[in-house]
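Notes follow once the structure below has been shown.
2 protein chains.
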Amino acid sequence: MAIFDATLFPFGVGLVAILVAIFIIRWILKKDSGTDRMKEVSGYIVVGTRAYLKRQIKTIFLAMPWLAALLSYFFGWQTSLTFICGALLSLLAGYIGMNVAVRANVRATNAARKSSAATFRLSFMGGAVTGLLVTGISMLGLYVLRLIFSGPEDLQVLVGFGFGASLAALFAQIGGGIFTKSADIGADLVGKLEEGIPEDDPRNPAVVADLVGDNVGDCAGRGSDLFQTFSDDIITGMILGVLFVWKYGPNAIIFPFVLESVGVVASMIGISIVKERKRLSHSTVLYIGLLTTAIIGAGGLFILANFMMNDITLFLAGVFGIIAMLTSTFVALYYTGLTGKPVRQTAECSKGGPAINVITGLSFGLQSPILPIVAVIASIVLAYWVSGGSAYALIAANISTDIIITFIMASDTFGPITDNAGGIAEMSGISGEASKTLEGLDAVGNTMKAATKAYAMASGTYTSFTIFATYFAAASIIGIDVTTPYAIAGLFIGVALPFPLASLTISATAKGAFKMVDEVRRQFKEILGLREGKATPDYAKCIDISTKFALKQMVLPGLLAIAVPITVGLLFGPTPLGMLLIGATASSAMLGFFFNNTGALLDNAKKLHETGLCGTKGSESHKASIVGDTVGDPLKDVAGPSVLIFMKLLGMTALLMLPAMLG
Amino acid sequence: MAIFDATLFPFGVGLVAILVAIFIIRWILKKDSGTDRMKEVSGYIVVGTRAYLKRQIKTIFLAMPWLAALLSYFFGWQTSLTFICGALLSLLAGYIGMNVAVRANVRATNAARKSSAATFRLSFMGGAVTGLLVTGISMLGLYVLRLIFSGPEDLQVLVGFGFGASLAALFAQIGGGIFTKSADIGADLVGKLEEGIPEDDPRNPAVVADLVGDNVGDCAGRGSDLFQTFSDDIITGMILGVLFVWKYGPNAIIFPFVLESVGVVASMIGISIVKERKRLSHSTVLYIGLLTTAIIGAGGLFILANFMMNDITLFLAGVFGIIAMLTSTFVALYYTGLTGKPVRQTAECSKGGPAINVITGLSFGLQSPILPIVAVIASIVLAYWVSGGSAYALIAANISTDIIITFIMASDTFGPITDNAGGIAEMSGISGEASKTLEGLDAVGNTMKAATKAYAMASGTYTSFTIFATYFAAASIIGIDVTTPYAIAGLFIGVALPFPLASLTISATAKGAFKMVDEVRRQFKEILGLREGKATPDYAKCIDISTKFALKQMVLPGLLAIAVPITVGLLFGPTPLGMLLIGATASSAMLGFFFNNTGALLDNAKKLHETGLCGTKGSESHKASIVGDTVGDPLKDVAGPSVLIFMKLLGMTALLMLPAMLG
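Chains A and B supply the protein sequences, listed in that same order. Sequential numbering from 12 applies to the first sequence in our numbering. Sequential numbering from 12 applies to the second sequence in our numbering.
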């Protein structure tokens with residue numbers, strides 16, 4: 012170590028991130044929540060969120076002790092302990108973040124009655140809390156565990172942490188995704204299409220479930236996803252790092268951890284400059300914040316590569332990784348942006364009816380993954396090549412993709428907060444300037460959501476790639492025998508696996524939505540005066556339906572991600588299992604981009620109608636585009652995010668059981 | 012050779028198959044074509060088919076000379092010659108078969124006015140012509156070329172034949188698929204949904220294009236696909252066979268060819284016993300014919316394995332292959348059958364509107380590939396294992412999957428013939444008993460189509476697997492280095508490739524359908540008296556639109572299949588290219604099953620409404636199911652069949668350029 016004591020740096024940054032988060036939380040809670048009606052509506056959301064969370068935690072806690080016991084039996088109490096920490100801390104970060112989000116939303120609504128600048132700042136800061144908590148808690152947790160288990164051979168114990176974080180993420184994302192989309196689809200299909208009432212109308216019985224869903228799906232879901240990516244990357248980085256101590260000294264192990272901290276610092280600076288500025292749109296301000304973060308982070312990487320590692324090729328490798336992230340993000344913005352050809356053409360095709368709208372959306376969606384995947388793969392090949400054939404370049408590139416993670420998380424949670432703020436305004440009868448401000452911010456939130464999702468997919472693919480690279484290195488597998496069919500069989504199974512996973516999540520959503528449609532229709536029929544706005548719908552009943560369907564469906568996907576790799580590993584050995592990971596990564600990445608972009612572009616094709624840029628609101632082609640949006644909903648918010656987490660979980664499961672297979 | 016001169020056997024069987032086909036054609040043409048109106052309608056279809064074919068051939072002939080010249084320059088005139096033969100013979104088999112089909116259809120309509128048994132027999136025999144021609148012409152062509160190029164080192168020259176057949180298949184399938192679905196969707200959306208007139212109503216301007224489409228899509232498309240599978244299997248079987256001359260003598264090379272002939276003989280026997288029987292449904296008769304074919308073929312395989320090769324494990328390997336085919340077929344029948352849970356539940360979900368119908372269909376479709384893929388992979392692993400680790404077992408298993416190919420092709424073409432026959436009846440005002448007979452046969456045809464498609468996917472996956480195994484063997488690649496990212500990069504590109512291919516074909520269909528909707532709407536608006544049945548629509552204009560869109564879109568997919576493997580091979584060498592093939596096979600197989608089954612089950616969910624088993628005709632939920640059917644159309648009839656051909660074409664391209672890479 013040349014300049015500073017690197018081991019303390021991540022600890023310090025993690026602590027600061029959490030302290031800043033606490034400071035922001037206190038700042039937000041001091042704001043005013045507005046009128047009594049606003050407080051009432053906000054109360055519904057808070058209660059609904061709490062009800063869901065309580066049952067989700069209960070469900071997860073039913074499974075955890077068994078798994079912990081099994082892990083303890085097979086791999087020792089240490090792995091079991093890290094597993095519990097990983098799962099709990101992931102849930103904790105998401106839950107605190109979400110609790111802040113459901114309090115920031117109503118305050119944003121209130122702020123909108125006075126100033127657009129304050130609303131923007133408040134919403135973004137509400138998101139920043141989740142971003143800071145996700146990375147801060149992960150770093151502190153891993154730092155403390157690393158203090159306890161400090162030998163180089165102890166690194167395997169930390170895999171338990173990644174496994175726990177991954178499993179918690181799968182549960183949170185699948186549960187949250189199914190919840191939000193059952194509610195959303197049910198609310199839209201009956202409310203917009205059949206009853207012809209606006210989005211977020213208080214007469215719609217599913218409207219509160221929809222608002223709750225935005226929080227449990229987007230906020231908690233993405234939070235746990237990025238917690239997983241962030242944690243997995245530190246762990247695999249340190250495990251791979253051990254193999255390079257001969258080259259870089261002990262720094263080889265610490266570098267990934269330190270670079271992650273640099274990213275968090277860069278993000279904090281990026282976050283701090285985000286505020287409404289004259290002559291700049293909100294999106295532009297966010298892009299500037301993002302680029303600032305990336306540039307400062309790259310600067311930090313340059314310093315680390317040069318002075319800590321004495322290897323400038325690591326800097327170049329990292330830059331390739333960052334470029335791949337930006338490419339994926341901009342491709343997603345092209346495919347899903349309101350002004351691009353894909354969305355415009357899909358909207359145009361609604362004039363041929365819902366079927367042609369959906370087909371066109373699917374066809375654009377199917378072509379959208381190719382560039383991001385090529386960008387990711389090319390950046391890995393280039394990083395390897397520029398470093399003269401060192402696998403350590405993969406670590407540098409992979410961790411560099413995380414530099415913007417805190418900022419991304421802040422922008423992502425910004426979405427549900429502004430979306431909810433708009434909903435609360437609509438339900439509280441707030442119109443005029445405030446309503447316009449919130450609509451504008453909601454649109455910005457939607458765009459950011461598409462961008463952050465693409466980032467999460469690309470960075471998750473990098474993570475998954477690094478996990479199987481770590482797996483092969485740890486298993487000392489250097490060549491795959493292709494004269495026997497076993498390795499190739501493993502690969503085929505891997506490519507196949509994300510399909511049934513996606514199926515499970517989509518069908519759960521469809522079933523939930525179907526029940527929700529039934530329930531909303533029932534309430535409109537049976538509750539007298541509901542249509543006229545003279546009676547209150549039974550919001551809780553709708554929340555209950557979403558909750559039930561969401562939680563019932565978490566088990567099978569979890570089993571799939573754990574049982575299949577274990578079976579393949581035990582039956583056919585480490586090499587076919589490794590090939591399974593490669594296949595699952597490639598296939599999940601393609602499906603993930605496909606699902607996300609298809610859903611987002613169908614969503615925006617509908618929005619084009621609602622803004623009057625193509626067709627008119629209420630026209631046949633608008634109705635056709637609502638069908639398309641609904642088809643896309645479970646793809647982009649359930650299946651896509653789930654396969655992303657799934658591939659990383661598969662990898663961590665394999666990494667976890669590797670010693671058992673080898674020993 | 013122990014018992015008979017094996018080399019002459021394939022020649023004899025090929026010749027007999029073609030003679031039998033000619034005999035059947037003469038028998039069909041002697042039948043009566045019915046009333047003047049029937050002849051008039053049939054005339055529209057024949058003229059439409061001819062118009063499409065003429066332009067398709069013209070388009071293909073524009074590309075062929077350039078490719079032939081390039082092949083001649085790089086690989087010698089021999090390869091160029093076999094390339095031309097492969098492409099021309101593939102087109103020839105499809106075109107003759109289709110010309111027979113468009114004549115058998117009207118005669119089947121006429122037969123239905125007298126006897127159900129005669130209609131069934133005639134329709135199936137019409138299909139048998141294509142089956143016999145596809146296999147007969149392939150065998151004769153390869154036999155003659157093998158006589159000309161007879162050294163063991165000349166086998167590489169035959170790869171040109173497979174490449175030509177593959178390229179022709181891609182063109183025929185993509186062109187035909189886009190044609191048929193643009194017409195079908197256009198006809199349905201305006202006719203059924205907007206005008207509320209029945210399917211195949213003569214007032215619908217797109218109805219003739221739709222009937223023509225059934226022939227150019229299903230008949231010519233699937234014909235060229237199975238011609239490709241059949242030819243590729245013989246070629247790769249012989250190339251791999253050379254490596255086993257030390258074990259089996261020269262029989263190692265001839266065995267694949269002989270076994271294919273045994274399959275054709277078995278199929279001819281199976282075909283001969285298909286006729287209407289008391290107390291048996293038409294489907295049952297067809298299943299009995301199929302099983303008879305499989306059992307006789309397996310018996311032949313047993314004899315060959317025992318007496319020609321002295322290796323009974325080859326028989327076992329073949330049986331595993333056959334079981335995998337049957338599994339895939341029955342899984343498809345479960346997912347797409349009218350009585351299974353997937354179709355019933357999807358139909359039920361139409362009550363929640365078109366979006367939930369589509370989502371449910373997609374979710375069942377996404378889970379449907381897992382069992383077929385596991386069956387195929389398991390059979391390959393078992394074949395390898397039972398043979399004590401011999402790659403020759405793969406050949407035995409792969410060729411065994413072809414044993415039923417002639418029978419399958421007959422059952423497949425049976426579909427468009429009965430479908431057309433029903434359409435001609437509807438358009439000619441024939442009702443009563445005849446119409447009922449044809450409706451019943453059409454339903455059987457639809458079920459068979461789902462089954463034969465699943466067979467084509469499974470057997471094509473086997474073919475593609477064998478192609479890359481041949482590639483690795485021919486390149487003497489035994490191990491894949493996983494310490495560098497190059498091989499894995501190739502794999503990722505392979506997994507990614509089928510997605511843009513599917514996108515291209517689906518978007519072409521959507522565009523064509525959109526134009527068709529416009530045109531049909533225009534005709535209903537502008538042609539006075541059309542709605543009342545007093546004026547004749549402009550059928551030719553609709554055919555022209557389908558043709559234009561279909562042919563324009565053949566070029567880019569062809570380029571994708573040729574340019575990408577060449578680029579990867581030249582840039583990164585043979586190993587990454589081989590990995591690309593593996594990835595493309597796994598991914599195409601999954602997508603193929605997914606697309607095919609999703610489309611078929613959405614189709615049948617609609618049929619459940621039309622038969623009154625779920626909801627009623629004309630209800631909102633029926634309309635929702637029509638939207639679902641339309642979304643599924645391009646998936647099952649364009650994208651699915653195209654990715655199947657695509658993966659085999661990629662493999663043949665790689666096999667073709669291998670010597671250039673190694674030399």
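Just so you know, even glycine gets a beta-carbon here, dropped at the ideal spot from N, CA and C.
Problem set entry | C-beta neighbour in chain A for residue 63 (chain B), strict 8 Å | By one-based count along the second sequence, residue 63 (chain B) stands at place 52. Chain A, which has no Cβ nearer than 8 Å to the Cβ of residue 63 (chain B), makes this no.
Exercise. Along the chain, where does the beta strand (DSSP E) that runs through residue 491 (chain B) open and close?
Worked result: Position 480 of the second sequence, counted from the first residue, corresponds to residue 491 (chain B). Counting along the chain, the beta strand (DSSP E) containing residue 491 (chain B) begins and ends at 490-492.
Exercise. Can you tell me the Cα-Cα spacing of residue 15 (chain A) and residue 265 (chain A), whole angstroms?
Worked result: Within the first sequence, numbered from 1, the residue matching residue 15 (chain A) stands at position 4. Within the first sequence, numbered from 1, the residue matching residue 265 (chain A) stands at position 254. Because residue 15 (chain A) carries a pLDDT of 46, less than 50, the predicted location of this residue cannot be relied on, and the following value inherits that uncertainty. So the two alpha carbons sit approximately 12 Å from each other.
Exercise. At a cut of 8 Å, does the segment 647-658 of chain B reach the segment 233-250 of chain B through at least three beta carbon pairs?
Worked result: They touch, by the three-pair rule.
Problem set entry | Beta carbon of residue 299 (chain A) nearer than 8 Å to that of residue 519 (chain A) | Within the first sequence, residue 299 (chain A) is the residue found at index 288, counting from 1. Within the first sequence, residue 519 (chain A) is the residue found at index 508, counting from 1. Cβ atoms of residue 299 (chain A) and residue 519 (chain A): not closer than 8 Å.
Problem set entry | Residue interval of the alpha helix (DSSP H) (run including residue 406 (chain A)) | Within the first sequence, numbered from 1, the residue matching residue 406 (chain A) stands at position 395. Per DSSP, residue 406 (chain A) belongs to the alpha helix (DSSP H) from 403-411.
Exercise. Using the C-alpha atoms, what's the distance from residue 329 (chain B) back to residue 412 (chain B)?
Worked result: Mapped onto the second sequence, residue 412 (chain B) falls at position 401. Mapped onto the second sequence, residue 329 (chain B) falls at position 318. Cα-Cα distance, rounded: 7 Å.
For this session: Report yes or no: is there a C-beta of chain B within less than 8 Å of the C-beta of residue 492 (chain A)?
Result: The sequence position of residue 492 (chain A) within the first sequence is 481, counting from 1. For residue 492 (chain A), the closest Cβ of chain B is nearer than 8 Å.
For this session: Just list the beta strand (DSSP E) runs in the segment 539-591 of chain B, keeping only unbroken ones of 3 residues or longer that don't cross its boundaries, in chain order.
Result: With a minimum length of 3 residues, there is no unbroken run of beta strand (DSSP E) contained wholly in the segment 539-591 of chain B.
Problem set entry | Length of the line joining the Cα atoms of residue 30 (chain B) and residue 19 (chain B) | Taking the first residue of the second sequence as position 1, residue 30 (chain B) is located at position 19. Taking the first residue of the second sequence as position 1, residue 19 (chain B) is located at position 8. Rounded to the nearest angstrom, the two C-alpha atoms are 17 Å apart.
Exercise. Of the residues that make up the segment 624-644 of chain A, which ones have a beta carbon closer than 7 Å to any beta carbon in chain B?
Worked result: Cβ contacts with chain B come from 638, 641, 642.
Problem set entry | Of the residues A:198, A:93, A:516, A:165, the one placed nearest residue 370 (chain B), counting alpha carbons only | Here residue 370 (chain B) corresponds to residue number 359 of the second sequence, with the count starting at 1. Closest by C-alpha distance to residue 370 (chain B), out of A:198, A:93, A:516, A:165, is A:516.
Exercise. Any beta-carbon of chain A closer than 8 Å to the one on residue 561 (chain B)?
Worked result: For the purposes of this step, residue 561 (chain B) is taken as the residue at position 550 of the second sequence. Cβ-Cβ to chain A under 8 Å: no for residue 561 (chain B).
Problem set entry | Given residue 379 (chain B) as reference, the closest of A:529, A:659, A:510, A:119 once Cα atoms are compared | Looking up residue 379 (chain B) in the second sequence gives position 368. The residue with the shortest Cα to Cα distance from residue 379 (chain B) is A:510.
Exercise. Measuring CA to CA, which of B:155, B:524, B:356 is closest to residue 616 (chain B)?
Worked result: Residue numbering aside, residue 616 (chain B) sits at position 605 when the second sequence is read from its first letter. The alpha carbon of residue 616 (chain B) has as its nearest neighbour, out of B:155, B:524, B:356, the alpha carbon of B:356.
For this session: May I ask you to list, following chain order, the residues of the segment 377-391 of chain A that have a beta carbon less than 7 Å from some beta carbon of chain B?
Result: Only those residues of the segment 377-391 of chain A whose C-beta falls short of 7 Å from the nearest C-beta of chain B are listed: 377, 378, 380, 381, 384, 388, 391.
For this session: Please work out which residues of its chain come closer than 6 Å, Cβ to Cβ, to residue 144 (chain B), disregarding the five sequence neighbours upstream and downstream, and give them in chain order.
Result: Position 133 of the second sequence, counted from the first residue, corresponds to residue 144 (chain B). Closer than 6 Å at the Cβ level, and outside the excluded window around residue 144 (chain B), lie 32, 104, 107, 108.
Exercise. So, are the CB atoms of residue 597 (chain B) and residue 506 (chain B) less than 8 Å apart?
Worked result: Locating residue 597 (chain B) in the second sequence gives position 586, where the first residue counts as 1. Locating residue 506 (chain B) in the second sequence gives position 495, where the first residue counts as 1. Contact: yes.
For this session: Evaluate residue 72 (chain B) with the Cβ neighbour count: other Cβ atoms within 10 Å of its Cβ, from every protein chain shown; 16 or more gives buried, anything less gives exposed.
Result: Position 61 of the second sequence, counting from 1, holds the residue named residue 72 (chain B). Exposed.
Exercise. Would residue 101 (chain A) pass as a contact of residue 198 (chain A) if the rule is Cβ separation under 8 Å?
Worked result: The residue given as residue 101 (chain A) occupies position 90 in the first sequence. The residue given as residue 198 (chain A) occupies position 187 in the first sequence. In this structure, residue 198 (chain A) does not lie closer than 8 Å to residue 101 (chain A) by Cβ.
For this session: Please list the partners that residue 593 (chain B) has in chain A, where partner means a Cβ-to-Cβ separation under 8 Å.
Result: As a working note, residue 593 (chain B) is residue 582 in the second sequence. Near residue 593 (chain B) (Cβ distances below 8 Å), the residues of chain A are 499, 502.
For this session: Determine which residues of the segment 356-373 of chain A have a Cβ less than 7 Å from any Cβ of chain B, and write them out in chain order.
Result: For chain B, the residues of the segment 356-373 of chain A that bring a beta carbon within less than 7 Å of one of its beta carbons are 360, 363, 364, 365, 366, 367, 369, 370, 371, 373, in chain order.
Problem set entry | residue 665 (chain B), buried or exposed, once every other Cβ within 10 Å from all chains shown has been counted against 16 | On the second sequence, residue 665 (chain B) is found 654 positions in, with the first residue counted as 1. So residue 665 (chain B) ends up on the buried side.
Problem set entry | Interface flag, residue 475 (chain A) vs chain B, CB-CB below 8 Å | Translated into positions along the first sequence, residue 475 (chain A) becomes position 464. Judged by the 8 Å Cβ criterion, residue 475 (chain A) is not in contact with chain B.
Exercise. Quick one: what's got a C-beta closer than 7 Å to residue 608 (chain A)'s C-beta in the same chain, skipping five residues either side?
Worked result: Within the first sequence, residue 608 (chain A) is the residue found at index 597, counting from 1. Residues 343, 346, 347, 376, 379 of the same chain have their beta carbon placed closer than 7 Å to that of residue 608 (chain A), with the five preceding and five following residues left out of the count.
Exercise. Below 8 Å, can you find three or more Cβ-Cβ pairs linking the segment 545-558 of chain B to the segment 197-216 of chain B?
Worked result: The answer is yes - the segment 197-216 of chain B touches the segment 545-558 of chain B, with three or more Cβ pairs under 8 Å.
Problem set entry | Simplified DSSP assignment, three categories, for residue 320 (chain A) | Taking the first sequence and counting its residues from 1, the one referred to as residue 320 (chain A) is at position 309. In the three-state reduction of the DSSP assignment, residue 320 (chain A) falls in the coil class.
Problem set entry | Option in A:656, A:22, A:625, A:453 with minimal Cα separation from residue 153 (chain A) | To locate residue 153 (chain A), count along the first sequence from 1; it is residue 142. Selected option, being the one with the closest Cα: A:22.
Problem set entry | Whole runs of the alpha helix (DSSP H) within the segment 184-209 of chain A, excluding any shorter than 4 residues | List check, alpha helix (DSSP H) in window: nothing returned.
Problem set entry | Inter-residue Cα distance where the pair is residue 208 (chain A) and residue 628 (chain A) | For the purposes of this step, residue 208 (chain A) is taken as residue 197 along the first sequence, with counting starting at 1. For the purposes of this step, residue 628 (chain A) is taken as residue 617 along the first sequence, with counting starting at 1. Spanning the two alpha carbons is a distance of roughly 12 Å.
For this session: Excluding the 5 residues preceding and the 5 following residue 449 (chain B) in the sequence, name in chain order all residues of the same chain whose CB lies nearer than 8 Å to its CB.
Result: Walking along the second sequence from the start, residue 449 (chain B) turns up at place 438. Correct list, in chain order: 119, 120, 123, 130, 429, 432, 433, 436.
For this session: Please confirm if residue 597 (chain B) has its CB atom under 8 Å from at least one CB of chain A.
Result: For the purposes of this step, residue 597 (chain B) is identified with residue 586 of the second sequence, where counting begins at 1. Chain A contact via Cβ: present.
Exercise. Short check: CB of residue 643 (chain A) to CB of residue 613 (chain A), under 8 Å?
Worked result: On the first sequence, residue 643 (chain A) is found 632 positions in, with the first residue counted as 1. On the first sequence, residue 613 (chain A) is found 602 positions in, with the first residue counted as 1. A contact, by the Cβ cut-off of 8 Å.
Problem set entry | Positions along the segment 176-207 of chain B whose CB lies within less than 8 Å of some CB in chain A | In summary, the residues of the segment 176-207 of chain B whose CB is separated from some CB of chain A by less than 8 Å are 196, 200, 204, in the order they occur in the chain.
Exercise. Rounded to a whole number of angstroms, what is the C-alpha to C-alpha distance between residue 404 (chain B) and residue 177 (chain B)?
Worked result: Working through the second sequence from its first residue, we reach residue 404 (chain B) at position 393. Working through the second sequence from its first residue, we reach residue 177 (chain B) at position 166. Separation of residue 404 (chain B) and residue 177 (chain B) (C-alpha to C-alpha, rounded to the nearest whole angstrom) is 24 Å.
For this session: Would you mind telling me which residues of chain A sit closer than 8 Å to residue 678 (chain B), beta carbon to beta carbon, in chain order?
Result: Missing from the structure shown is residue 678 (chain B); chain B here goes from 12 to 674 and no further.
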